[in-house]
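K.L.:
Which chain is which? The protein sequence lines are W and P, in order.
Taking the working numbering, the leading residue of the first sequence gets 1, the next gets one more, and so forth.
Taking the working numbering, the leading residue of the second sequence gets 222, the next gets one more, and so forth.
Below: one structure in C-alpha cells.
Protein chains: 2
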Amino acid sequence: MDNQGLKDDILTKALELFADVGFKQTSINKIVHSLGVSKGAFYHYFASKDDLIQQLVSRYVDSVVNYPEEIVNNPNLNALEKLNQLIHAFIDYKSEKTVLRERYKKLAAVSDNYELRERVYIDVISRAKEPYVKIFKQGMAEGIFDIKYPEQTAEVWLTTVVKFNTKVSKALEQKNIIANFDERVKFMEDLLERLLGIEEGSIKYEAAYRDYVKGMGGILQ
Amino acid sequence: MDNQGLKDDILTKALELFADVGFKQTSINKIVHSLGVSKGAFYHYFASKDDLIQQLVSRYVDSVVNYPEEIVNNPNLNALEKLNQLIHAFIDYKSEKTVLRERYKKLAAVSDNYELRERVYIDVISRAKEPYVKIFKQGMAEGIFDIKYPEQTAEVWLTTVVKFNTKVSKALEQKNIIANFDERVKFMEDLLERLLGIEEGSIKYEAAYRDYVKGMGGILQ
Numbered sequence: 001m002d003n004q005g006l007k008d009d010i011l012t013k014a015l016e017l018f019a020d021v022g023f024k025q026t027s028i029n030k031i032v033h034s035l036g037v038s039k040g041a042f043y044h045y046f047a048s049k050d051d052l053i054q055q056l057v058s059r060y061v062d063s064v065v066n067y068p069e070e071i072v073n074n075p076n077l078n079a080l081e082k083l084n085q086l087i088h089a090f091i092d093y094k095s096e097k098t099v100l101r102e103r104y105k106k107l108a109a110v111s112d113n114y115e116l117r118e119r120v121y122i123d124v125i126s127r128a129k130e131p132y133v134k135i136f137k138q139g140m141a142e143g144i145f146d147i148k149y150p151e152q153t154a155e156v157w158l159t160t161v162v163k164f165n166t167k168v169s170k171a172l173e174q175k176n177i178i179a180n181f182d183e184r185v186k187f188m189e190d191l192l193e194r195l196l197g198i199e200e201g202s203i204k205y206e207a208a209y210r211d212y213v214k215g216m217g218g219i220l221q
Numbered sequence: 222m223d224n225q226g227l228k229d230d231i232l233t234k235a236l237e238l239f240a241d242v243g244f245k246q247t248s249i250n251k252i253v254h255s256l257g258v259s260k261g262a263f264y265h266y267f268a269s270k271d272d273l274i275q276q277l278v279s280r281y282v283d284s285v286v287n288y289p290e291e292i293v294n295n296p297n298l299n300a301l302e303k304l305n306q307l308i309h310a311f312i313d314y315k316s317e318k319t320v321l322r323e324r325y326k327k328l329a330a331v332s333d334n335y336e337l338r339e340r341v342y343i344d345v346i347s348r349a350k351e352p353y354v355k356i357f358k359q360g361m362a363e364g365i366f367d368i369k370y371p372e373q374t375a376e377v378w379l380t381t382v383v384k385f386n387t388k389v390s391k392a393l394e395q396k397n398i399i400a401n402f403d404e405r406v407k408f409m410e411d412l413l414e415r416l417l418g419i420e421e422g423s424i425k426y427e428a429a430y431r432d433y434v435k436g437m438g439g440i441l442q
C-alpha cells in the first residue's frame with residue numbers, strides 16, 4: 001500500500017470524524033476502526049492524537065496561506081495595489097468550495113473543537129503575516145503607508161480578519177442571518193485604513209466580501 | 222453545611238486541579254474525591270463538568286470586569302481622561318496578587334486548557350466592552366475621538382489587550398524573558414491612538430504597564 005496514501009486517508013478520516021462527532025468524542029480507535037486499519041498503522045505515521053492534530057492543522061494552514069507570490073513579488077505594483085489584490089485573492093480563494101475546505105469550515109463551527117480552532121488561529125496568523133509584512137514594509141519605503149510597527153499591525157489585522165471570517169463561516173454553516181453585516185465589513189475597511197494611516201476609501205474589501213458571502217448562500221441583515 | 226460554602230469549595234478545588242494537572246485530566250471523580258464529598262453533592266450544584274466550567278468562567282470574568290464605575294460616571298472628566306484612568310485602573314487591578322488571580326493565571330498558562338481560555342476570552346471581551354463603548358461614545362459626542370464604529374473598535378482593542386496580557390502572563394508564569402516588550406507596549410499606545418483618531422502621545426499605557434510587569438518580577442528584553 002502506498003504510504004502517503006494511507007497517511008492521507010487517516011488524516012482525511014480524522015477530519016471527517018472531528019467535524020461530524022466532535023473532537024473529544026473521536027478516539028484513535030474510532031479512526032482506525034472506521035478505516036479498517038490497525039492501530040499499528042496509525043502509530044506508524046502519528047506519535048499520538050496530539051501529533052495527528054498538529055499535522056491536520058499544518059495541512060489546513062498550508063492550503064490557507066498558499067498565497068499568490070506573484071502579487072507580492074510583482075515589480076509593477078505599488079504597496080496599496082498589492083494589498084488590495086492580496087485581499088481579493090484571499091476572498092476568491094475562500095469561494096472555492098473544495099471538500100477539504102468544507103470539512104474544515106464545518107469543524108471550525110463545531111463548538112467543542114476549541115483546541116483545533118486555537119491552533120489554527122495561531123498558525124494561520126503567524127504564517128499569513130509574511131506577505132502582509134512585506135507589503136507593509138514596501139508601503140513604508142514608498143512613503144504611502146504611515147506604519148510604525150509592521151509586524152504587530154499585521155497581527156492585529158489578521159486576528160480581526162480571522163475572527164470576522166469565523167463568525168461569517170459559522171453563520172453560513174448554520175444558515176443563520178449574518179447580523180450587522182454592512183457595518184462589520186465597512187469597519188474592516190476603516191480599520192485597515194487607520195492601521196496604515198491611509199485615506200478613507202483606499203481599501204476595497206466590502207464589495208468582494210459581500211459577493212463572496214452571497215455566493216455562499218449567506219443571508220445578510 | 223453551608224450550601225454556598227460547599228459550592229465555592231468545589232469551584233475552588235476544580236480551579237486548583239485544572240491549574241495543576243490540566244483540564245482534560247481533571248474528572249468530576251477527582252474533584253469530589255479530593256474534597257471528600259459525594260458525587261451527589263457535585264450534581265446538586267452543577268449539571269455537568271461543562272456547567273462547572275461555565276460557572277468558573279463567570280466567577281473569574283466577574284472579578285476581571287468589576288471595573289470602577291466611578292471613572293466612567295465621573296461628570297468632571299472628558300473622554301480621554303476617563304480612558305486613561307480606566308486603562309490604569311485595569312493595570313492596577315492586575316497588580317493585585319490574590320490567590321484567585323494567581324490560580325487563574327497559572328490556568329491560562331497551561332497549554333491544554335484551550336476550552337477555558339477561549340470561553341474566558343469571549344466573556345471578558347463581551348463584558349469589558351461596556352465601559353469602553355460608553356467612553357468612546359462620549360468622546361465622539363465631545364468631538365475629541367474620531368470613531369465610526371465604537372462597538373467594533375472596542376472589540377479590536379480588547380482582543381489585542383487580552384492577547385498581549387496572555388503573552389505577558391505566560392512569560393511571567395514561566396519566568397521567561399518578555400521579548401520586544403518596549404516595542405509591543407508602545408504599539409499598544411499607537412494602536413489605540415489610531416483607532417480613536419487622536420494625537421500621538423495621548424494614550425498613557427507604557428509606563429504603568431512597565432511598572433506592573435517589573436512589580437511582578439518580569440524580565441524585560
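Heads up, the beta-carbon is just placed ideally off N, CA and C, and yes, glycines get one too.
Please identify the residue among W:Ser34, W:Arg119, W:Lys134 whose C-alpha is closest to the C-alpha of W:Leu83.
P.N.:
Numbered from 1 along the first sequence, position 83 holds the residue referred to as residue 83 of chain W. The shortest C-alpha separation from W:Leu83 is found at W:Lys134.
K.L.:
Is it right to say P:Glu290 is buried, meaning 16 or more other beta carbons lie within 10 angstroms of its own, or is it exposed?
P.N.:
The residue labelled residue 290 of chain P in the question sits at position 69 within the second sequence. P:Glu290 comes out exposed.
K.L.:
Should W:Ile177 go down as buried or exposed, given a rule of 16 or more other Cβ atoms within 10 Å for buried?
P.N.:
As a first step, residue 177 of chain W must be located in the first sequence, where it is residue number 177. The residue in question, W:Ile177, is exposed, as its Cβ has fewer than 16 Cβ neighbours within 10 Å.
K.L.:
Quick check on the DSSP output: the alpha helix (DSSP H) that includes P:Ala375 runs from which residue to which?
P.N.:
As a working note, residue 375 of chain P is residue 154 in the second sequence. Residues 371-394.
K.L.:
Assuming P:Lys327 contacts P:Ala240 (C-beta within less than 8 angstroms), just tell me the rounded distance between them.
P.N.:
In the second sequence, residue 327 of chain P corresponds to position 106, counting from 1. In the second sequence, residue 240 of chain P corresponds to position 19, counting from 1. About 4 angstroms separates the beta carbon of P:Lys327 from that of P:Ala240, a gap short enough to meet the 8 angstroms contact definition.
K.L.:
Checking 7 angstroms against the spacing of the C-beta atoms, do W:Glu193 and W:Tyr205 come in under that value?
P.N.:
Taking the first sequence and counting its residues from 1, one reaches residue 193 of chain W at position 193. Taking the first sequence and counting its residues from 1, one reaches residue 205 of chain W at position 205. No, they are not a contact pair.
K.L.:
Enumerate in chain order the residues of its own chain whose CB-to-CB distance from W:Ser95 is below 8 angstroms, with the five nearest sequence positions on each side excluded.
P.N.:
Translated into the one-based positions of the first sequence, residue 95 of chain W becomes position 95. The residues are Tyr212, Gly215, Met216.
K.L.:
Pick helix, strand or coil for P:Leu441, following the three-state DSSP scheme.
P.N.:
Start at 1 with the first residue of the second sequence, and residue 441 of chain P comes out as number 220. Reduced to three states, the DSSP call for P:Leu441 is strand.
K.L.:
Checking the sheet assignment: what are the DSSP bridge partners for P:Ile398?
P.N.:
To locate residue 398 of chain P, count along the second sequence from 1; it is residue 177. In DSSP, P:Ile398 forms a bridge with P:Ile440.
K.L.:
With a 10 Å radius around its C-beta and 16 neighbouring C-beta atoms as the bar for buried, classify P:Val293 as buried or exposed.
P.N.:
If you number the second sequence from 1, residue 293 of chain P lands on position 72. Buried.
K.L.:
How is W:Asn78 classed by DSSP in three states: helix, strand or coil?
P.N.:
If you number the first sequence from 1, residue 78 of chain W lands on position 78. In the structure shown, W:Asn78 sits in coil (DSSP, three-state: anything other than H, G, I, E or B).
K.L.:
In terms of residue numbering, what span does the alpha helix (DSSP H) encompassing W:Val53 cover?
P.N.:
As a position in the first sequence, residue 53 of chain W is number 53, starting the count at 1. A quick correction: the sequence has Ile, not Val, at residue 53 of chain W. That run of the alpha helix (DSSP H) goes 49-64.
K.L.:
In chain P, what lies closer than 9 angstroms to W:Leu56 by C-beta?
P.N.:
Locating residue 56 of chain W in the first sequence gives position 56, counting from the first residue. Near W:Leu56 there are no residues of chain P at all, since even the closest Cβ is about 15 angstroms away, more than 9 angstroms.
K.L.:
Please name the residue, chosen from W:Asp51, W:Asn66, W:His88, that lies closest to W:Glu125 on a Cα-to-Cα basis.
P.N.:
Translated into positions along the first sequence, residue 125 of chain W becomes position 125. Residue 125 of chain W is actually Ile in this sequence, not Glu. Checking every option, the nearest Cα to that of W:Ile125 belongs to W:Asn66.
K.L.:
Taking Cβ positions, are W:Tyr114 and P:Glu339 nearer each other than 7 angstroms?
P.N.:
If you number the first sequence from 1, residue 114 of chain W lands on position 114. If you number the second sequence from 1, residue 339 of chain P lands on position 118. Yes. Within cutoff.
K.L.:
Which residues of the stretch 350-380 of chain P have a Cβ closer than 7 angstroms to any Cβ of chain W? Give them in chain order.
P.N.:
Lys369, Tyr370, Gln373, Val377, Thr380
K.L.:
Taking Cβ positions, are P:Ile365 and P:Leu441 nearer each other than 7 angstroms?
P.N.:
Indexing the second sequence from 1 puts residue 365 of chain P at position 144. Indexing the second sequence from 1 puts residue 441 of chain P at position 220. Not closer than 7 angstroms, so no.
K.L.:
Considering W:Ser38, what are the terminal residues of the alpha helix (DSSP H) in which it resides?
P.N.:
Position 38 of the first sequence holds residue 38 of chain W. Careful: W:Ser38 lies outside any alpha helix (DSSP H) and carries neither H nor E.
K.L.:
Starting from P:Phe408, find everything on chain W with Cβ-Cβ shorter than 7 angstroms and list it in chain order.
P.N.:
For this step, residue 408 of chain P is matched to residue 187 along the second sequence. By Cβ distance, chain W contributes Tyr149, Gln152.
K.L.:
Identify the contact partners of P:Leu412 in chain W, using a Cβ-Cβ distance below 7 angstroms as the criterion.
P.N.:
Along the second sequence, read from residue 1 onward, the residue named residue 412 of chain P stands at position 191. Simply Val156.
K.L.:
Out of P:Ser423, P:Asn401, P:Asn297, which one is the CA nearest neighbour of P:Arg431?
P.N.:
Position 210 of the second sequence holds residue 431 of chain P. Taking only the C-alpha atoms, the option nearest P:Arg431 is P:Asn401.
K.L.:
I need the straight-line Cα distance from W:Asn29 to W:Ala41, nearest angstrom please.
P.N.:
The residue you call residue 29 of chain W lines up with position 29 of the first sequence. The residue you call residue 41 of chain W lines up with position 41 of the first sequence. Roughly 12 angstroms between the two C-alpha positions.
K.L.:
Please list, in chain order, the chain P residues whose beta carbon lies closer than 7 angstroms to that of W:Tyr114.
P.N.:
Your numbering for residue 114 of chain W matches position 114 in the first sequence. Here the neighbours are Tyr335, Glu336, Glu339.
K.L.:
With W:Ile144 as the anchor, note down where its alpha helix (DSSP H) starts and where it stops.
P.N.:
Translated into positions along the first sequence, residue 144 of chain W becomes position 144. Premise fails: W:Ile144 is in no alpha helix (DSSP H) and is neither H nor E.
K.L.:
Below 9 angstroms on C-beta distance, what does W:Leu195 contact in chain P?
P.N.:
Counting from one through the first sequence, the residue named residue 195 of chain W turns up at place 195. Leu412, Arg415, Leu416, listed in chain order.
K.L.:
Among the residues of its own chain, which have a CB less than 6 angstroms from the CB of W:Tyr132, if the five just before and after it don't count?
P.N.:
Within the first sequence, the letter at position 132 stands for residue 132 of chain W. Within the same chain, W:Tyr132 has close Cβ partners Ala154.
K.L.:
Just the C-alpha distance for W:Val99 and W:Gly197, rounded to the nearest angstrom, thanks.
P.N.:
Here residue 99 of chain W corresponds to residue number 99 of the first sequence, with the count starting at 1. Here residue 197 of chain W corresponds to residue number 197 of the first sequence, with the count starting at 1. Taking the CA atoms as reference points, W:Val99 sits about 39 angstroms from W:Gly197.
K.L.:
Can you tell me the Cα-Cα spacing of P:Asp344 and P:Ser279, whole angstroms?
P.N.:
The residue labelled residue 344 of chain P in the question sits at position 123 within the second sequence. The residue labelled residue 279 of chain P in the question sits at position 58 within the second sequence. Near 8 angstroms, if we compare the C-alpha coordinates of P:Ser279 and P:Asp344.
K.L.:
Please state whether the Cβ-Cβ distance between W:Phe164 and W:Ile147 is less than 7 angstroms.
P.N.:
If you number the first sequence from 1, residue 164 of chain W lands on position 164. If you number the first sequence from 1, residue 147 of chain W lands on position 147. No.
K.L.:
From which residue to which residue does the alpha helix (DSSP H) around W:Phe23 run?
P.N.:
On the first sequence, position 23 is the one that residue 23 of chain W refers to. Element bounds for W:Phe23: n/a, residue is neither H nor E.
K.L.:
State the Cα-Cα distance for the pair W:Val120 and W:Glu151, rounded to the nearest angstrom.
P.N.:
The sequence position of residue 120 of chain W within the first sequence is 120, counting from 1. The sequence position of residue 151 of chain W within the first sequence is 151, counting from 1. Whole-angstrom Cα-Cα distance: 19 angstroms.
K.L.:
If we define contact as Cβ-Cβ less than 7 angstroms, is W:Met1 a contact residue for chain P?
P.N.:
The residue given as residue 1 of chain W occupies position 1 in the first sequence. A caution first: W:Met1 carries a pLDDT of 49, below 50, which makes its placement in the model unreliable, though a value can still be read off. So, not an interface residue.
K.L.:
For W:Met1, does the three-state DSSP call read helix, strand or coil?
P.N.:
For the purposes of this step, residue 1 of chain W is taken as the residue at position 1 of the first sequence. Here W:Met1 scores only 49 on pLDDT, less than 50, and its place in the model is too uncertain to base an answer on.
K.L.:
Along the chain, where does the alpha helix (DSSP H) containing W:Glu200 start, and where does it finish?
P.N.:
In the first sequence, the residue the question calls residue 200 of chain W occupies position 200. It is not in any alpha helix (DSSP H) - W:Glu200 carries neither H nor E in the DSSP assignment.
K.L.:
How would you call P:Ser390, buried or exposed, if buried means at least 16 neighbouring beta carbons within 10 angstroms?
P.N.:
On the second sequence, residue 390 of chain P is found 169 positions in, with the first residue counted as 1. The residue is buried, with at least 16 neighbouring Cβ atoms inside 10 Å.
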